[in-house]
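J.: Residue numbers (my numbering): 140 to 602. For each residue, glycine too, the CB sits at the ideal point set by N, CA and C.
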Ligand code: ADP
Ligand code: MG
């Protein structure tokens with residue numbers, strides 16, 4: 140067979156799969172690219188190792204079966220991570236399979252109307268086009284993109300829950316979904332913060348205007364509620380959201396929520412609402428890796444009037460790793476200087492950002508104290524606790540420091556993980572369970588931990 144034939148076979152297989160699975164699932168998982176073929180093998184590119192694993196597990200036999208049905212012959216598929224040149228190895232929205240030309244099967248897709256009015260509650264720069272996609276967030280991006288293209292069509296994606304620590308792009312991604320639905324579909328897109336939702340509810344309740352509230356929230360086509368963790372303790376608002384949820388869910392209207400921690404960690408939220416948040420698809424955003432940070436800075440720089448040399452971008456990418464908001468803050472300092480004073484060199488940048496690089500974040504104050512005290516107790520340095528070393532003499536103190544951070548502060552496992560060199564919440568959870576177990580088995584260790592915690596408390600832990 141000529142190489143061209145394999146390409147055609149692949150395209151046809153993808154067409155059939157798209158019809159069979161529907162646009163939403165297809166957009167989400169079939170971000171695949173035909174690269175090459177040999178006698179019995181197709182080489183297919185995937186955007187990341189994460190995708191590679193997932194697609195192999197979920198779809199490999201299925202796709203191979205489809206090809207066999209089509210050509211009456213077995214072809215094996217090899218999925219390879221489609222490496223891009225350095226600094227360009229982030230996926231841009233334009234790399235995603237474009238399905239805009241074909242209207243969605245069930246949803247009333249209409250061509251983008253350029254003259255459609257801007258959505259007033261959405262920031263106009265929070266779109267998919269300005270969102271930089273890297274290895275660490277492409278799953279969340281693809282989920283958001285699938286939902287935006289096919290809102291409300293599948294219960295598997297309703298609601299979409301985006302969770303992760305502060306400044307990691309939850310609001311940006313949520314509003315990008317809002318823009319896309321607003322621009323491409325008829326119907327009302329409502330974006331509101333959980334706080335705004337609560338305030339409006341309480342106000343209208345007080346004025347005896349519940350009918351107006353219900354009218355507003357139960358008859359929208361997409362409801363986006365940002366930062367649902369802020370509904371903790373709002374019992375009546377939670378109840379109202381519960382009814383709103385069921386009304387929209389039954390009417391097959393798309394919902395999107397964001398939360399700053401895994402839902403299981405919400406303490407004062409009713410179980411029935413917590414479970415509903417997770418009925419659809421949950422995706423988490425993690426702190427971006429170096430490559431993504433670099434790409435984000437370059438992208439943000441496009442909208443500025445000044446140039447910043449790559450070596451400075453490299454410096455900032457290396458030193459600001461906690462979240463994207465801090466990254467942007469650092470960039471803004473540099474661009475303001477470049478615009479009003481003089482061009483920024485490496486030396487100037489180092490000087491301008493000395494505080495940013497050195498200062499612990501205010502919200503991490505207590506964790507810093509915990510890390511310092513635990514490190515001192517075990518004769519280590521705080522950076523050992525945040526670092527990657529796996530020696531036994533460091534791992535246990537690190538796990539203990541995470542455990543104490545969870546016990547003595549209000550921070551979520553996500554936030555604790557961020558303060559320990561960007562570890563994820565599962566690692567923090569594992570550490571806490573491990574220490575819990577050790578304390579139960581070993582009374583001496585238990586006592587030691589209790590003493591250490593008492594010491595830290597007397598040094599004043601704020602959270
Ligand atoms: P969160 O809601 O998670 O606290 P935001 O959505 O407000 O975070 O993001 C903080 C800032 O970082 C915003 O200015 C946003 O545009 C930017 N940002 C976050 N992630 C990305 C990304 N992947 N690409 C481009 N900008 C990003
Ligand atoms: Mg936000």
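If you follow the alpha helix (DSSP H) that residue 538 is part of, which residue opens it and which one closes it?
T.: First-last of the alpha helix (DSSP H) with residue 538: 531-547.
J.: Just the Cα atoms here: how many angstroms apart are residue 162 and residue 576?
T.: If I take the Cα positions, the gap works out to 46 Å.
J.: Tell me which residue opens and which closes the beta strand (DSSP E) that residue 215 is part of.
T.: Here the beta strand (DSSP E) through residue 215 covers 215-220.
J.: Three-state secondary structure (DSSP) at residue 395?
T.: Residue 395 falls in the strand class under three-state DSSP.
J.: Going by alpha carbons, who is nearest to residue 361 out of 378, 467, 342 and 288?
T.: Out of 378, 467, 342 and 288, 288 has the C-alpha closest to the C-alpha of residue 361.
J.: Could you spell out the range, first to last residue, of the beta strand (DSSP E) harbouring residue 364?
T.: From DSSP, the beta strand (DSSP E) with residue 364 extends over 361-365.
J.: Strictly by DSSP, which residues pair up with residue 176?
T.: In the DSSP output, where bridge partners are listed per residue, residue 176 has 181.
J.: CA-CA distance, residue 164 and residue 455?
T.: Cα-Cα distance, rounded: 37 Å.
J.: Mind listing which residues have their beta carbon within less than 7 Å of any non-hydrogen atom of the ligand MG? Chain order is fine.
T.: For the ligand MG, the selected residues are 309, 310, 365, 366 and 397.
J.: Following the continuous beta strand (DSSP E) through residue 332, name the residue where it begins and the one where it ends.
T.: Where residue 332 is concerned, the enclosing beta strand (DSSP E) stretches over 328-332.
J.: Just verifying my parser: in three-state terms, what is the DSSP assignment at residue 447?
T.: Coil at residue 447, not helix or strand.
J.: Among the candidates 403, 404, 350 and 405, whose CA atom is the shortest distance from the CA of residue 379?
T.: It is 350 whose Cα lies nearest to the Cα of residue 379.
J.: Does the count of Cβ pairs from the segment 289-304 and the segment 391-405 closer than 8 Å reach three?
T.: Because the criterion of three Cβ pairs below 8 Å is met, the segment 289-304 and the segment 391-405 touch.
J.: Could you compute how far the alpha carbon of residue 180 sits from the alpha carbon of residue 171?
T.: Spanning the two alpha carbons is a distance of roughly 15 Å.
J.: Put residue 166 into one of helix, strand or coil per three-state DSSP.
T.: Of the three classes helix, strand and coil, the one that applies to residue 166 here is helix, per DSSP.
J.: Is any heavy atom in the ligand ADP found nearer than 7 Å to the beta carbon of residue 495?
T.: No, since every heavy atom of the ligand ADP falls outside the 7 Å radius drawn around the Cβ of residue 495.
J.: Suppose the cutoff is 7 Å on Cβ atoms and the five residues either side in sequence are ignored; what does the same chain contact list for residue 383 look like?
T.: Here the set comprises 356 and 357.
J.: Taking only the alpha-carbon atoms, compute the straight-line gap between residue 218 and residue 334 and give it to the nearest angstrom.
T.: Cα-Cα distance, rounded: 45 Å.
J.: Is the beta carbon of residue 278 sitting closer than 8 Å to the one on residue 189?
T.: Against a cut-off of 8 Å, the Cβ pair of residue 189 and residue 278 comes out as a contact.
J.: What does a CB cutoff of less than 7 Å around residue 496 pick up in its chain, not counting 5 residues either side in sequence?
T.: Cβ neighbours of residue 496 beyond the five flanking positions: 458.
J.: Out of 296, 167 and 256, which one is the CA nearest neighbour of residue 185?
T.: Per the Cα distances, 167.
J.: Identify the residues that DSSP records as bridge partners of residue 300: which are they?
T.: In DSSP, residue 300 forms a bridge with 396 and 421.
J.: Quick check: is any heavy atom of the ligand ADP less than 7 Å from the C-beta of residue 326?
T.: Because no heavy atom of the ligand ADP lies under 7 Å away, the Cβ of residue 326 does not count as near it: no.
J.: Around the Cβ of residue 469, are there at least 16 other Cβ atoms within 10 angstroms (buried) or fewer (exposed)?
T.: It counts as buried.
J.: Measuring only the C-alpha atoms, how far is residue 141 from residue 175?
T.: Roughly 11 Å separates the two Cα atoms.
J.: Does the beta carbon of residue 438 fall short of 7 Å from some heavy atom of the ligand ADP?
T.: Flag set: Cβ of residue 438 near the ligand ADP.
J.: Where residue 273 and residue 559 are concerned, what is the direct C-alpha to C-alpha distance, given to the nearest angstrom?
T.: Residue 273 and residue 559: Cα-Cα distance of roughly 22 Å.
J.: Can you name, in chain order, every residue of its own chain whose Cβ lies under 7 Å from the Cβ of residue 269, other than the five neighbours on each side?
T.: Same-chain partners within the cutoff: 438.
J.: Taking the beta carbon of residue 323 as the centre, do at least 16 other beta carbons fall within 10 Å, making it buried, or is it exposed?
T.: Buried is the call here.
J.: Among 505, 519 and 550, which one has its Cα closest to the Cα of residue 368?
T.: If we check each option's Cα against that of residue 368, 550 comes out closest.
J.: Residue 574 and residue 538: beta carbons closer than 8 Å?
T.: Yes, they are a contact pair.
J.: Quick check on DSSP: helix, strand or coil for residue 494?
T.: The answer is helix: DSSP assigns residue 494 an H, G or I state.
J.: Do residue 341 and residue 377 have their beta-carbon atoms positioned less than 8 Å apart in this structure?
T.: No, they are not a contact pair.
J.: Hey, how far is the Cα of residue 297 from the Cα of residue 385?
T.: Straight-line Cα distance between these residues: approximately 11 Å.
J.: Measure from the alpha carbon of residue 282 to the alpha carbon of each residue in 307, 313 and 262, then state which is nearest.
T.: For the residues 307, 313 and 262, the minimum Cα distance to residue 282 belongs to 313.
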